[in-house]
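Residue numbers for the sequence shown follow our numbering, so the first one is 37 and each next one is one higher.
Just so you know, even glycine gets a beta-carbon here, dropped at the ideal spot from N, CA and C.
Below is one structure, written out as structure tokens; comments come after it.
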Amino acid sequence: MIKINVIYNGNDTKSIPKNVVDYIKKINIILNKKLKKYKNKAIFFNLLLSKDNEIRKLNKKFRKKNKTTDVLSFPFYSKKKLNLKLKKEKEIFLGDVIVNLNKIKNKKNELISIFEFNKLWVHGFVHLLGHDHKMDKDFFKMRKIEKEFLSYLN
């Protein structure tokens, strides 16, 4: 079973779209139906909903880039260590994904775009599973996995 812990990083809780937390609960249900290989496991990760300023600070601190970004991922394990953990353990914490809500506003700048939101958190989630996109072949493999996850959500 996959469990997404939602955390909001900011003072203005009114700016969180009301449907986001409920939507993430639905995502949990969908993922758990589709990802049967995790059926007998407890897989956890944190999804931090952030804004430009907070994600810029994290990007500067951990990636030495003093600019805002759309998503950051902090995997707890390398792909190799994660695969070993998945074979041996029942409970596994994958890490953290931070999504910048400012990057996914719709054109009227009111509510988030669910499509963009899904692209970002799925991208971060795939990083937590040990994938990266440093080389072209890795990029295409990661993209394929992301598309598969996104197809579950449509």
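Exposed unless 16 or more other CB atoms sit within 10 angstroms - verdict on residue i
{"i": "SER109", "result": "buried"}
{"i": "ILE132", "result": "Note on residue identity: the sequence assigns Asp, not Ile, to residue 132. So ASP132 ends up on the buried side."}
{"i": "PHE176", "result": "exposed"}
{"i": "ILE63", "result": "buried"}
Alpha carbon of residue i to alpha carbon of residue j, nearest angstrom
{"i": "TRP157", "j": "VAL135", "result": "7 angstroms"}
{"i": "ILE43", "j": "LEU85", "result": "6 angstroms"}
{"i": "LYS139", "j": "ASN154", "result": "12 angstroms"}
{"i": "GLU182", "j": "VAL162", "result": "7 angstroms"}
Closest by C-alpha distance to residue i, when choosing among the options
{"i": "ASN76", "options": "ILE181, LYS123, LYS180 and ASN154", "result": "LYS123"}
{"i": "PHE112", "options": "PHE81, ASP174 and SER149", "result": "PHE81"}
{"i": "MET37", "options": "ILE43, TYR44 and LYS69", "result": "LYS69"}
{"i": "GLY125", "options": "LYS87, ASN64 and ILE79", "result": "The question names Gly, but residue 125 in the sequence shown is Glu. The option with the nearest alpha carbon to GLU125 is ILE79."}
Cut-off 8 angstroms between Cβ atoms - residues of its own chain near residue i, not counting five sequence neighbours on either side
{"i": "ASN102", "result": "ARG92, ASN95 and LYS96"}
Cut-off 6 angstroms between Cβ atoms - residues of its own chain near residue i, not counting five sequence neighbours on either side
{"i": "LYS115", "result": "GLY166"}
Contact with chain D by residue i, beta-carbon distance below 8 angstroms
{"i": "ILE65", "result": "The structure shown contains no chain D; it holds only a single protein chain."}
Cβ shell of residue i (< 7 angstroms), same chain only, five flanking positions each side left out
{"i": "ILE66", "result": "TYR188 and LEU189"}
- prompt: Fully enclosed by the stretch 111 to 169, which alpha helix (DSSP H) runs are 4 residues long or longer?
  reply: 115 to 124 and 150 to 164
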